[in-house]
Amino acid sequence: MTAQPLAPTPDTQNAALPICVAALYRFTPFANPADLRGPLQDVCTATGVKGILLLASEGINGTIAGTDAGIEAVLAHIRALPGCADIEVKFSRAPEMPFLRMKVRLKKEIVTMGVEGTDPNHIVGTYVPPTEWNALLKDPDTILIDTRNDYEVAVGTFEGAIDPQIKTFREFPAWFRQHREELLAKGRKPRVAMFCTGGIRCEKSTAFAKAEGLDEVYHLQGGILKYLETVPEAESLWRGECFVFDQRVTVDHGLKPGELELCHACRTPITAEDKASPKFETGVSCPHCYGQWDEARRARHAERERQARLAEQRGEAHLGANMAEERARKRQQREEEKRRQQALRQQHAH
1 MTAQPLAPTP DTQNAALPIC VAALYRFTPF ANPADLRGPL QDVCTATGVK GILLLASEGI
61 NGTIAGTDAG IEAVLAHIRA LPGCADIEVK FSRAPEMPFL RMKVRLKKEI VTMGVEGTDP
121 NHIVGTYVPP TEWNALLKDP DTILIDTRND YEVAVGTFEG AIDPQIKTFR EFPAWFRQHR
181 EELLAKGRKP RVAMFCTGGI RCEKSTAFAK AEGLDEVYHL QGGILKYLET VPEAESLWRG
241 ECFVFDQRVT VDHGLKPGEL ELCHACRTPI TAEDKASPKF ETGVSCPHCY GQWDEARRAR
301 HAERERQARL AEQRGEAHLG ANMAEERARK RQQREEEKRR QQALRQQHAH
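Under UniProt numbering, think of the first position of the sequence shown as 1, with each following residue one higher.
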(Lines of atoms letter the chains of each structure in order from A and count residues from 1; the text may use other names and numbers.)
(Lines give C-alpha, C1' and ligand atoms only; values in the text may rest on other atoms or scores of the structure.)
Protein backbone atom coordinates (compact mmCIF):
# COMPACT_ATOMS: atom_id res chain seq x y z
CA MET A 1 0.00 0.00 0.00
CA THR A 2 1.27 3.45 -0.92
CA ALA A 3 1.16 5.91 1.96
CA GLN A 4 -0.91 9.02 1.42
CA PRO A 5 0.95 12.34 1.39
CA LEU A 6 0.65 14.18 4.66
CA ALA A 7 0.40 17.71 3.31
CA PRO A 8 -2.03 18.84 0.61
CA THR A 9 -0.29 22.23 0.54
CA PRO A 10 3.10 22.99 -1.01
CA ASP A 11 6.18 22.76 1.20
CA THR A 12 6.72 26.51 0.83
CA GLN A 13 3.57 27.03 2.94
CA ASN A 14 4.61 24.68 5.74
CA ALA A 15 6.44 27.41 7.66
CA ALA A 16 3.21 29.44 7.85
CA LEU A 17 0.99 26.35 8.31
CA PRO A 18 3.12 23.94 10.36
CA ILE A 19 0.30 21.85 11.81
CA CYS A 20 -1.04 18.86 9.88
CA VAL A 21 -4.77 18.15 10.41
CA ALA A 22 -6.08 14.69 9.54
CA ALA A 23 -9.82 13.91 9.31
CA LEU A 24 -10.52 10.20 9.08
CA TYR A 25 -13.11 7.49 9.47
CA ARG A 26 -13.57 3.85 8.64
CA PHE A 27 -16.57 1.59 8.99
CA THR A 28 -15.12 -1.79 9.94
CA PRO A 29 -16.13 -4.32 12.60
CA PHE A 30 -14.18 -4.07 15.87
CA ALA A 31 -14.82 -7.06 18.13
CA ASN A 32 -13.51 -5.30 21.27
CA PRO A 33 -13.18 -1.53 20.70
CA ALA A 34 -12.44 -0.99 24.41
CA ASP A 35 -9.19 -2.94 23.98
CA LEU A 36 -8.08 -0.50 21.26
CA ARG A 37 -8.65 2.68 23.26
CA GLY A 38 -5.65 2.65 25.62
CA PRO A 39 -2.91 1.92 23.07
CA LEU A 40 -4.38 4.51 20.67
CA GLN A 41 -4.52 7.17 23.40
CA ASP A 42 -0.93 6.33 24.38
CA VAL A 43 0.50 6.77 20.87
CA CYS A 44 -1.32 10.09 20.46
CA THR A 45 -0.02 11.36 23.81
CA ALA A 46 3.52 10.20 23.09
CA THR A 47 3.61 12.02 19.73
CA GLY A 48 1.95 15.24 20.90
CA VAL A 49 -1.07 14.70 18.66
CA LYS A 50 -4.36 16.28 19.81
CA GLY A 51 -7.97 16.02 18.73
CA ILE A 52 -10.72 13.47 19.18
CA LEU A 53 -11.13 9.89 17.98
CA LEU A 54 -14.28 7.80 18.44
CA LEU A 55 -14.23 4.01 18.62
CA ALA A 56 -17.26 1.75 18.32
CA SER A 57 -18.04 -1.78 17.22
CA GLU A 58 -18.78 -0.34 13.76
CA GLY A 59 -15.37 1.41 13.31
CA ILE A 60 -13.39 4.59 13.96
CA ASN A 61 -13.98 8.30 13.32
CA GLY A 62 -12.32 11.58 14.23
CA THR A 63 -9.99 14.47 13.53
CA ILE A 64 -6.46 14.85 14.89
CA ALA A 65 -3.71 17.43 14.52
CA GLY A 66 0.03 17.62 15.16
CA THR A 67 3.39 17.64 13.48
CA ASP A 68 3.78 15.67 10.26
CA ALA A 69 5.87 13.08 12.12
CA GLY A 70 3.31 12.81 14.92
CA ILE A 71 0.37 12.37 12.53
CA GLU A 72 2.35 9.81 10.53
CA ALA A 73 3.01 7.76 13.69
CA VAL A 74 -0.64 7.81 14.78
CA LEU A 75 -1.88 6.90 11.30
CA ALA A 76 0.57 4.00 11.17
CA HIS A 77 -0.97 2.73 14.40
CA ILE A 78 -4.54 3.19 13.09
CA ARG A 79 -3.78 1.46 9.78
CA ALA A 80 -2.64 -1.58 11.76
CA LEU A 81 -6.10 -1.91 13.36
CA PRO A 82 -8.48 -4.57 11.93
CA GLY A 83 -9.84 -3.46 8.54
CA CYS A 84 -8.11 -0.06 8.62
CA ALA A 85 -5.18 -0.65 6.25
CA ASP A 86 -6.88 1.41 3.51
CA ILE A 87 -8.51 4.03 5.73
CA GLU A 88 -9.20 7.26 3.86
CA VAL A 89 -7.71 10.40 5.39
CA LYS A 90 -8.39 14.03 4.44
CA PHE A 91 -5.38 16.24 5.15
CA SER A 92 -5.28 20.00 5.63
CA ARG A 93 -2.96 22.40 7.43
CA ALA A 94 -3.33 24.99 10.17
CA PRO A 95 -1.09 27.82 11.44
CA GLU A 96 -1.44 26.58 15.04
CA MET A 97 -2.80 23.61 16.98
CA PRO A 98 -6.61 23.68 16.58
CA PHE A 99 -7.34 21.36 19.55
CA LEU A 100 -6.77 21.77 23.27
CA ARG A 101 -6.39 18.11 24.24
CA MET A 102 -6.50 14.53 22.95
CA LYS A 103 -9.47 12.27 23.66
CA VAL A 104 -10.16 8.71 22.51
CA ARG A 105 -13.77 7.87 23.35
CA LEU A 106 -15.86 4.71 23.21
CA LYS A 107 -19.25 5.16 21.57
CA LYS A 108 -22.23 3.04 20.52
CA GLU A 109 -21.95 4.59 17.03
CA ILE A 110 -19.07 6.53 15.47
CA VAL A 111 -21.69 8.87 14.01
CA THR A 112 -25.02 8.86 15.81
CA MET A 113 -28.15 8.30 13.74
CA GLY A 114 -30.04 6.15 16.21
CA VAL A 115 -31.66 3.80 13.68
CA GLU A 116 -31.11 0.13 14.45
CA GLY A 117 -29.78 -1.93 11.58
CA THR A 118 -28.26 0.99 9.62
CA ASP A 119 -24.86 -0.55 8.95
CA PRO A 120 -22.60 0.84 6.17
CA ASN A 121 -20.48 -2.28 6.57
CA HIS A 122 -23.28 -4.17 4.80
CA ILE A 123 -25.14 -1.64 2.62
CA VAL A 124 -24.23 1.84 1.40
CA GLY A 125 -24.91 4.25 -1.48
CA THR A 126 -22.77 4.65 -4.60
CA TYR A 127 -19.57 6.65 -4.09
CA VAL A 128 -19.08 9.59 -6.46
CA PRO A 129 -15.53 11.00 -6.70
CA PRO A 130 -15.20 14.80 -6.39
CA THR A 131 -14.14 15.02 -10.05
CA GLU A 132 -17.53 13.55 -11.11
CA TRP A 133 -19.71 15.31 -8.54
CA ASN A 134 -20.45 18.41 -10.64
CA ALA A 135 -21.90 16.33 -13.47
CA LEU A 136 -24.28 14.60 -11.06
CA LEU A 137 -25.38 17.93 -9.58
CA LYS A 138 -26.06 19.43 -13.00
CA ASP A 139 -28.39 16.56 -13.94
CA PRO A 140 -31.94 17.91 -13.45
CA ASP A 141 -33.13 14.54 -12.13
CA THR A 142 -30.74 14.65 -9.17
CA ILE A 143 -32.26 15.42 -5.77
CA LEU A 144 -29.40 16.91 -3.74
CA ILE A 145 -29.62 16.76 0.07
CA ASP A 146 -27.26 18.35 2.59
CA THR A 147 -27.20 15.95 5.57
CA ARG A 148 -25.45 18.36 7.97
CA ASN A 149 -26.85 20.39 10.86
CA ASP A 150 -28.52 23.74 10.21
CA TYR A 151 -25.67 25.88 11.55
CA GLU A 152 -23.22 24.09 9.23
CA VAL A 153 -25.43 24.61 6.18
CA ALA A 154 -25.77 28.30 7.01
CA VAL A 155 -22.00 28.73 6.53
CA GLY A 156 -21.90 27.18 3.06
CA THR A 157 -23.39 24.49 0.82
CA PHE A 158 -23.64 23.30 -2.79
CA GLU A 159 -25.80 25.11 -5.33
CA GLY A 160 -29.31 23.71 -5.37
CA ALA A 161 -28.96 21.62 -2.21
CA ILE A 162 -31.97 20.95 0.00
CA ASP A 163 -31.45 21.98 3.63
CA PRO A 164 -33.35 19.67 6.04
CA GLN A 165 -32.89 22.30 8.79
CA ILE A 166 -32.02 19.68 11.39
CA LYS A 167 -30.35 20.44 14.72
CA THR A 168 -28.62 17.05 14.95
CA PHE A 169 -28.01 14.12 12.61
CA ARG A 170 -30.41 12.05 14.73
CA GLU A 171 -33.26 14.10 13.23
CA PHE A 172 -32.39 13.14 9.65
CA PRO A 173 -34.29 9.81 9.43
CA ALA A 174 -37.56 11.36 10.65
CA TRP A 175 -37.12 14.32 8.27
CA PHE A 176 -36.43 12.01 5.34
CA ARG A 177 -39.45 9.82 6.05
CA GLN A 178 -41.70 12.86 6.46
CA HIS A 179 -40.59 14.48 3.18
CA ARG A 180 -39.82 11.38 1.13
CA GLU A 181 -42.78 11.51 -1.27
CA GLU A 182 -42.43 15.27 -1.74
CA LEU A 183 -38.70 14.90 -2.48
CA LEU A 184 -39.03 12.07 -4.95
CA ALA A 185 -41.79 13.88 -6.84
CA LYS A 186 -39.23 16.56 -7.77
CA GLY A 187 -37.22 14.17 -9.94
CA ARG A 188 -38.37 12.03 -12.85
CA LYS A 189 -36.31 9.24 -11.30
CA PRO A 190 -35.83 8.60 -7.58
CA ARG A 191 -32.15 9.60 -7.77
CA VAL A 192 -30.87 11.00 -4.49
CA ALA A 193 -27.41 12.47 -3.87
CA MET A 194 -26.21 13.32 -0.36
CA PHE A 195 -23.13 15.01 1.07
CA CYS A 196 -21.58 15.96 4.39
CA THR A 197 -18.27 17.33 5.71
CA GLY A 198 -15.99 14.31 5.49
CA GLY A 199 -18.24 11.59 4.14
CA ILE A 200 -19.09 9.69 7.31
CA ARG A 201 -22.63 10.96 7.86
CA CYS A 202 -23.42 10.12 4.24
CA GLU A 203 -22.27 6.56 4.81
CA LYS A 204 -25.08 6.31 7.35
CA SER A 205 -27.66 8.40 5.51
CA THR A 206 -27.25 6.52 2.23
CA ALA A 207 -27.31 3.18 4.05
CA PHE A 208 -30.56 4.35 5.67
CA ALA A 209 -32.04 5.46 2.32
CA LYS A 210 -31.15 2.12 0.74
CA ALA A 211 -32.75 0.29 3.66
CA GLU A 212 -35.86 2.44 3.08
CA GLY A 213 -36.14 0.99 -0.41
CA LEU A 214 -34.39 3.57 -2.62
CA ASP A 215 -32.12 2.02 -5.23
CA GLU A 216 -30.38 4.99 -6.85
CA VAL A 217 -28.58 6.69 -3.96
CA TYR A 218 -25.23 8.50 -4.28
CA HIS A 219 -22.87 10.32 -1.97
CA LEU A 220 -19.78 12.48 -2.32
CA GLN A 221 -16.69 10.37 -1.71
CA GLY A 222 -14.46 12.03 0.87
CA GLY A 223 -17.12 14.65 1.58
CA ILE A 224 -16.92 18.40 1.15
CA LEU A 225 -13.33 18.45 2.41
CA LYS A 226 -12.14 16.22 -0.42
CA TYR A 227 -14.13 18.25 -2.95
CA LEU A 228 -12.61 21.55 -1.75
CA GLU A 229 -9.16 19.99 -1.87
CA THR A 230 -9.61 18.41 -5.32
CA VAL A 231 -11.84 20.66 -7.46
CA PRO A 232 -10.39 24.01 -8.64
CA GLU A 233 -12.25 27.00 -7.26
CA ALA A 234 -13.06 28.23 -10.78
CA GLU A 235 -14.97 24.99 -11.45
CA SER A 236 -16.49 24.62 -7.99
CA LEU A 237 -20.23 24.51 -7.30
CA TRP A 238 -19.59 25.05 -3.60
CA ARG A 239 -20.75 28.38 -2.19
CA GLY A 240 -19.45 29.77 1.09
CA GLU A 241 -17.12 28.10 3.58
CA CYS A 242 -17.17 24.66 5.19
CA PHE A 243 -17.69 24.36 8.95
CA VAL A 244 -15.17 22.12 10.74
CA PHE A 245 -15.32 20.94 14.33
CA ASP A 246 -12.13 22.52 15.64
CA GLN A 247 -10.79 25.97 16.41
CA ARG A 248 -10.29 26.83 12.75
CA VAL A 249 -14.13 27.04 12.59
CA THR A 250 -14.24 26.93 8.77
CA VAL A 251 -12.08 26.08 5.76
CA ASP A 252 -12.29 27.32 2.18
CA HIS A 253 -11.20 26.07 -1.24
CA GLY A 254 -7.82 24.38 -1.07
CA LEU A 255 -8.64 23.68 2.62
CA LYS A 256 -7.25 27.07 3.62
CA PRO A 257 -8.49 28.30 7.04
CA GLY A 258 -11.67 30.31 6.54
CA GLU A 259 -12.64 33.80 7.65
CA LEU A 260 -15.38 32.98 10.16
CA GLU A 261 -15.04 32.87 13.93
CA LEU A 262 -17.14 31.18 16.60
CA CYS A 263 -19.42 32.85 19.13
CA HIS A 264 -18.15 31.49 22.44
CA ALA A 265 -21.62 31.89 23.98
CA CYS A 266 -23.72 29.84 21.53
CA ARG A 267 -21.06 28.14 19.34
CA THR A 268 -22.53 29.63 16.14
CA PRO A 269 -20.17 30.71 13.32
CA ILE A 270 -20.10 34.51 13.06
CA THR A 271 -19.07 36.91 10.32
CA ALA A 272 -17.37 40.31 10.46
CA GLU A 273 -20.84 41.81 10.01
CA ASP A 274 -22.08 39.89 13.06
CA LYS A 275 -19.16 41.22 15.10
CA ALA A 276 -20.03 44.78 14.07
CA SER A 277 -23.56 44.39 15.43
CA PRO A 278 -24.45 46.13 18.72
CA LYS A 279 -25.75 42.70 19.82
CA PHE A 280 -22.22 41.28 19.71
CA GLU A 281 -20.12 41.18 22.86
CA THR A 282 -17.01 39.00 22.78
CA GLY A 283 -17.66 35.76 24.61
CA VAL A 284 -21.07 36.93 25.86
CA SER A 285 -23.50 37.17 22.93
CA CYS A 286 -23.91 37.59 19.16
CA PRO A 287 -26.85 38.45 16.88
CA HIS A 288 -27.78 34.73 16.84
CA CYS A 289 -28.10 34.31 20.61
CA TYR A 290 -28.69 37.86 21.86
CA GLY A 291 -31.54 37.90 24.37
CA GLN A 292 -31.35 34.16 25.11
CA TRP A 293 -29.30 34.50 28.30
CA ASP A 294 -30.44 35.84 31.65
CA GLU A 295 -28.15 38.18 33.58
CA ALA A 296 -26.58 35.36 35.61
CA ARG A 297 -25.71 33.46 32.43
CA ARG A 298 -24.32 36.60 30.77
CA ALA A 299 -22.17 37.22 33.84
CA ARG A 300 -20.78 33.67 33.63
CA HIS A 301 -20.01 34.17 29.93
CA ALA A 302 -18.25 37.46 30.68
CA GLU A 303 -16.20 35.91 33.49
CA ARG A 304 -15.22 32.96 31.29
CA GLU A 305 -14.07 35.37 28.59
CA ARG A 306 -12.09 37.38 31.15
CA GLN A 307 -10.34 34.23 32.40
CA ALA A 308 -9.59 33.16 28.84
CA ARG A 309 -8.00 36.55 28.10
CA LEU A 310 -5.87 36.34 31.27
CA ALA A 311 -4.75 32.83 30.30
CA GLU A 312 -3.90 34.07 26.80
CA GLN A 313 -1.79 36.88 28.26
CA ARG A 314 0.09 34.28 30.31
CA GLY A 315 0.57 32.14 27.23
CA GLU A 316 -1.64 29.37 28.59
CA ALA A 317 -4.55 27.44 27.13
CA HIS A 318 -7.62 28.11 29.23
CA LEU A 319 -8.85 24.50 29.42
CA GLY A 320 -11.10 25.04 32.40
CA ALA A 321 -13.15 27.68 30.61
CA ASN A 322 -13.66 25.45 27.62
CA MET A 323 -14.66 22.50 29.81
CA ALA A 324 -17.10 24.67 31.73
CA GLU A 325 -18.48 26.02 28.47
CA GLU A 326 -18.98 22.52 27.10
CA ARG A 327 -20.69 21.34 30.28
CA ALA A 328 -23.00 24.37 30.20
CA ARG A 329 -23.84 23.77 26.55
CA LYS A 330 -24.68 20.10 27.17
CA ARG A 331 -26.73 20.99 30.25
CA GLN A 332 -28.72 23.49 28.18
CA GLN A 333 -29.33 20.85 25.50
CA ARG A 334 -30.60 18.39 28.12
CA GLU A 335 -32.94 21.01 29.60
CA GLU A 336 -34.30 21.92 26.15
CA GLU A 337 -34.87 18.25 25.34
CA LYS A 338 -36.74 17.75 28.63
CA ARG A 339 -38.99 20.72 27.83
CA ARG A 340 -39.61 19.37 24.33
CA GLN A 341 -40.53 15.92 25.65
CA GLN A 342 -42.85 17.43 28.26
CA ALA A 343 -44.59 19.47 25.56
CA LEU A 344 -45.05 16.34 23.44
CA ARG A 345 -46.52 14.42 26.37
CA GLN A 346 -48.94 17.26 27.06
CA GLN A 347 -50.04 17.28 23.41
CA HIS A 348 -50.68 13.53 23.49
CA ALA A 349 -52.57 13.87 26.78
CA HIS A 350 -55.03 16.28 25.11
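C-beta atoms are modelled at their ideal positions from N, C-alpha and C, and glycine is treated no differently.
Residue nearest to residue i in terms of C-alpha spacing, selected from the options
| i | options | result |
| --- | --- | --- |
| I166 | Q178, N121, D215 | Q178 |
| H216 | V153, D252, V124, P98 | Looking at the sequence provided, one finds Glu at residue 216 rather than His. It is V124 whose Cα lies nearest to the Cα of E216. |
| L137 | P269, D246, E261, E235 | E235 |
| A31 | L17, I52, A46, A56 | A56 |
| W238 | A161, C84, D119 | A161 |
| E259 | R105, E72, V251 | V251 |
| S205 | N121, R306, V89, P18 | N121 |
| D141 | R191, V244, I87 | R191 |
| V244 | R148, V128, I19 | R148 |
| C242 | Y151, P29, G114, F27 | Y151 |
| G223 | F195, A16, K275 | F195 |
| A193 | F280, V74, A302, A209 | A209 |
| I19 | V43, G48, P29, R26 | G48 |
Integer Cβ distance of residue i from residue j, believed to fall under 8 Å
| i | j | result |
| --- | --- | --- |
| G240 | T157 | 7 Å |
| L36 | L81 | 6 Å |
| G198 | L225 | 5 Å |
| residue 354 | V21 | Given a span of 1 to 350 for the chain in the structure shown, any question on residue 354 remains unanswerable. |
| H77 | L54 | That belief does not hold up - the Cβ atoms of H77 and L54 are roughly 16 Å apart, past 8 Å. |
| A34 | T118 | The pair is not a contact, with the Cβ atoms about 22 Å apart (cut-off 8 Å). |
| K50 | A65 | 6 Å |
Between the CA atoms of residue j and residue i - distance to the nearest angstrom
| i | j | result |
| --- | --- | --- |
| R170 | P164 | 12 Å |
| L310 | T282 | 14 Å |
| residue 362 | Y290 | Limits of the chain in this structure are 1 at one end and 350 at the other, which puts residue 362 out of reach. |
| F99 | Q247 | 7 Å |
| A135 | I200 | 22 Å |
Per-residue DSSP class, three states only, for residue i
| i | result |
| --- | --- |
| E216 | strand |
| E72 | helix |
| R101 | coil |
| A211 | helix |
| N61 | strand |
| L17 | coil |
| L36 | helix |
| Y151 | helix |
| D246 | coil |
| D11 | With a pLDDT of 39 at D11, under the threshold of 50, the predicted position of this residue should be treated as unreliable, and no value is reported. |
| W238 | strand |
| V43 | helix |
Cβ shell of residue i (< 7 Å), same chain only, five flanking positions each side left out
| i | result |
| --- | --- |
| Y227 | P130, W133, L220, W238 |
| R327 | Below a pLDDT of 50, predicted positions are generally treated as unreliable, and R327, at 46, falls in that range; the measurement from the model is reported next regardless. Taken in chain order, the list of residues that qualify is empty. |
Close beta carbons around residue i, own chain, < 6 Å, minus the five adjacent residues each side
| i | result |
| --- | --- |
| V104 | R37, L40, Q41, L53 |
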